[in-house]
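To keep things clear, I will list the structure first and then write my remarks on it.
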C-alpha cells in the first residue's frame, strides 16, 4: 500500500495509525536495476547479431536458394545443359495448387526455358486454323529440344501432346522467382464476358463453336478468353461472381458485362477466391474419385466463404465480446461451473462403468461367432465382441472413479481455494481491461523476431561457393538403374568422373556423347552434348565462419523469443500483482499496465535476459542432440540411440522445469524486485512449501479453462449454424458447415489468447496469496490483502475490520 493510499484511508476514517505508516507491501518498495551484467551481455549479443545481418545482406544472394529445378532435376541457369535457361516453365501450373506439393512435388512436367511465354497458345484451337506446321512447331514447348525437333507432322504433335511430352496450352506468363507465372494483360477483362468466367466443365465442342464464330484466334487476349472456356484449370486465374450474378450475366451483351467494374478490394477478394477454390479442390480430390467433383466442392466451399464473410466477422466479434463477458462473470460462475463439470465427469464415469459391465455380462453369457473377414471392419467387430475388453475397461473406469472421488474428498478445501483465486483473477482482468489486448503487442514482437531470424538465416545460407558433382540420371529401363549414356570428357575436363567435383561450364564445353562409329575430325565436328549425364548442383559450401554465424543466428532467435515471452509474463505479473497488493481494489491506477511496462523495461530487462538465456541454452542443447541423432542414425547403434533418447528426455524435462521456474521467478521479481537467482530461489521454496496447493491449482485451472474454451467455442459454432439454417434469405450457401467450422476454429484461438492472460492472472495472484499468508498475520502492522472469501476459506481475518478489502 502506497503512502498516499495510507493518508487517504486515515483521512477517510478520521484517525492516524502511525505504526501503519512504516509498513509497505513488497510491491511498493524502492526498486533498482537487476542483473545488469546479463542485460549488457544481451545488448552486446544483439549488436553482434545486427553485424552478422549486415554481413549476410552484403554477401548473400537469395537467388541461390530459390533457383527452380526442372523435371530432370536440373537447376535452371546453374547446371550443365541449362546454363542459358534460368526460368522454369510448368506444363500445367494449376496442378501445383495442392497441399501435398511440398511432399510429392508438382505433378506436371517442368522444364527450363530461356524466357517465359510472351503469347498464349492453345493447341486444340490453333491446329484447326490451317497454320503452317513450322509455325505451330515454333510455338510449341516440349520437354527437350530433341523432342521438339522430331516433330514433323500434325499427328506427331498431337501424339507428343497426348503423351505430355509437349504442352497442350499455355498463357502469357511473367517470371516470378524465376518461375513462369500466368499473366493477364490489363485489357483482358474487356474481352471476357461474365458467362465465360464460370468454372463449370466445358468440352471441346463448345470451344470449337466459339472459334467458328469469326473470332480472330491470333488476338492474344481473345486466346486467353478461349483458354478460360476450354480449360477449367485456367479459369482458376480469373475472378467469378456468385451464382445469381453468373446466371444473370449470360443474357448480357459482352460490352455491358465488361464495362462493369468492382472495387479494388472486391477484385482482390475474388482473385483470392478463385485460387483458393482450386487449392481446396485439390485437397478434396485426395478423398474422392474424380477431379470434377472435387473442383465443384472447392468452388462451393470458397463461394460460401466469400458470401458469408460478414456473418463470420460478426460471429468473431460476438465471440470476443462474449469471452470478455464470460471472464467477468467467472467471479460468480467459477464455482458452479467447476463443480457441475466435475459432477458431469463423475456421472459420465458411472454411466461408462454401467455400460461396460453390461457389455461384459452380455458377451460373457452369449456365445458369439468371430468375424472371419480379412478387413478392418471385421477386426474392429472382433475386438468389440471380446468380453475381456469390456472387463478391463470397467476395471479401469472404476479405479479412475475411486481415485477421483478420493482426490475430491482430500483436496476439497484446496479446490475451494483454487476456485476463489479464479474468481480473484476474473476481478483482476476485469479491473485492468487493457491486459486482454496486450498479447497483440507481443504477437507483433514475435512476428518481427521470426521475420528477422529467417531473413538473416536465408542470406547466410546463400553465402558460399556452389558445389557441383558429375552424376548420371536414373533410368528404370536400365539393368543398373542409371543411364548407360557413353559420356566422355576431354580437354580441361579430362579428369571428370561420375561422383567427383566438376564445373558446369567446363563440363558443357568439353563433355560429349562418344560415338564409336565415327572417327577422326568428323567425330570432333559431330559432338553431341551429354543429355543424361550432367554436372549438377549439390549445395552451397559454407566457410567455417558462416557456419558459426548460422548457429549464432539460431541461438539468437531462441534467446530473443524466450526474452519476448518473459517480457510478456513479467508485465502481466507486475500488473496483476499491483492489483493484489493495492489494499482497496478500486484505487488501482488506471494506467497500471503502462506503469508495469515501464517498470519492467527500466528495471528488470536484465532478469529477463538471464532467464531467457538459460532457456535458450537448454533448447540449443536439445537441437544439437536432434542434429546428432540424425547424423548417427545410419550407424543404427542401439547403445548410442538409447543414450541419445535418455539425454533428449532429460533435457526436455529440464526445459519444462526451467520454464515453470522462470515463470514463477518473473512473478516474484515483479513482486519484490529482486534479481533472477533470488527470485527463482524464493519461488521454488514457496511452491515447494505449498506443493499440494500448487498441483491442485494447476490442474483445476487447466480443467476449468479448457471447459470454458470448449463452451464458448461450441456456443459460437452452434449459434452460427442455426443462424445460417434459419435465415437462408440473408445468406445462401451450399454448405452451412463451412462458415460454422471457420467460426469455431477462430473462436477457439481467440479464447485461448484471452484465457492465456487469465491464466497468468491466476498464477500471479496465487503466488501473491502464498506470500500474503506467510508474511502477514492480519494485524494492523501486517494485514492480509486477500479477499474476504479467501480469508473465510482459510479461517483468517484482519483484526481491523475497517481495513478489510
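Residue numbers (this note's numbering): 6 to 810. Positions of the beta carbon are idealized from the N, C-alpha and C atoms, including for glycine.
Which residues bound the alpha helix (DSSP H) around residue i?
i, result
"residue 92", "No alpha helix (DSSP H) contains residue 92, which is instead part of the beta strand (DSSP E) from 92-95."
"residue 660", "643-677"
"residue 876", "Absent from the model: residue 876. The displayed extent of the chain is 6 to 810, so no value can be given."
"residue 626", "610-637"
"residue 424", "417-436"
"residue 570", "549-586"
DSSP on residue i, reduced to helix/strand/coil?
i, result
"residue 125", "coil"
"residue 536", "coil"
"residue 740", "coil"
"residue 475", "strand"
"residue 181", "strand"
"residue 115", "strand"
"residue 793", "helix"
"residue 371", "coil"
"residue 2", "The structure shown does not extend to residue 2, since the chain is modelled only from 6 through 810, so no value can be given for it."
"residue 803", "coil"
"residue 596", "coil"
"residue 786", "coil"
"residue 452", "helix"
"residue 506", "strand"
"residue 186", "strand"
"residue 8", "Residue placement at residue 8 is flagged as unreliable, the pLDDT there being 37, under the threshold of 50; a coordinate-derived value is accordingly withheld."
"residue 133", "coil"
"residue 313", "coil"
"residue 198", "Bear in mind that a pLDDT of 38 at residue 198, under 50, signals an unreliable position, so the number given afterwards is only what the model happens to contain. It is coil, neither helix nor strand."
"residue 467", "coil"
"residue 3", "Because residue 3 is not part of the residues shown, which for the chain are 6 to 810, the question remains open."
"residue 544", "strand"
"residue 363", "helix"
"residue 80", "strand"
Name the two residues that bound the continuous beta strand (DSSP E) containing residue i.
i, result
"residue 517", "516-518"
"residue 494", "492-494"
Considering Cα atoms alone, identify which of the options is closest to residue i.
i, options, result
"residue 464", "169, 363, 741 and 70", "70"
"residue 612", "589, 665 and 679", "679"
"residue 77", "799, 542 and 729", "542"
"residue 392", "361, 405, 403 and 418", "361"
"residue 812", "427, 358 and 418", "Examination of residue 812 is not possible in this model, given that the chain is present from 6 through 810 alone."
"residue 615", "634, 581, 572 and 587", "572"
"residue 563", "478, 644 and 660", "660"
"residue 423", "63, 83, 761 and 344", "344"
"residue 656", "620, 684, 566 and 173", "620"
"residue 787", "775, 676 and 804", "804"
"residue 329", "792, 773 and 717", "717"
"residue 389", "402, 369 and 404", "369"
"residue 714", "754, 518 and 676", "754"
"residue 811", "426, 760 and 722", "Residue 811 is absent from the model: the chain starts at 6 and stops at 810."
"residue 130", "174, 643 and 150", "174"
"residue 447", "565, 158, 773 and 118", "565"
"residue 557", "544, 462 and 472", "462"
"residue 165", "148, 644, 180 and 176", "148"
"residue 759", "430, 154 and 421", "430"
Query raised in the report: Is it a yes or a no for the segment 640-649 touching the segment 747-764, going by three-plus beta-carbon pairs under 8 Å?
Result: no
Query raised in the report: Does the segment 43-59 come close enough to the segment 71-81 that 3 or more CB-CB pairs lie under 8 Å?
Result: no
Query - Contained alpha helix (DSSP H) runs [length at least 4] in the segment 142-182, N- to C-terminal order - result: Correct list: 150-154 and 159-167.
Requested in this report: Check whether the segment 577-586 touches the segment 611-626, taking contact to mean three or more Cβ pairs, one atom from each stretch, closer than 8 Å.
Outcome: Output reads no: the segment 611-626 does not touch the segment 577-586.
Query - Three CB pairs or more closer than 8 Å across the segment 730-744 and the segment 303-318 - result: Yes, they touch.
Report task. Starting from the N-terminal side, write out each stretch of the alpha helix (DSSP H) that is 4 residues or longer and does not extend beyond the segment 33-76. Result -> 41-64
**Report entry** Contact the segment 498-506 vs the segment 38-49: 3+ CB pairs below 8 Å
**Finding:** no
Query raised in the report: When the Cβ atoms of the segment 761-781 are set against those of the segment 699-713, are three or more pairs found closer than 8 Å?
Result: yes
Query raised in the report: Does the segment 84-96 come close enough to the segment 507-517 that 3 or more CB-CB pairs lie under 8 Å?
Result: yes
Report task. Flag this pair as touching only if the segment 686-693 and the segment 593-608 have three or more C-beta atom pairs under 8 Å; answer yes or no. Result -> no
Query raised in the report: Can at least three beta-carbon pairs, one atom from the segment 674-688 and one from the segment 34-44, be found at a separation below 8 Å?
Result: Touching, yes.
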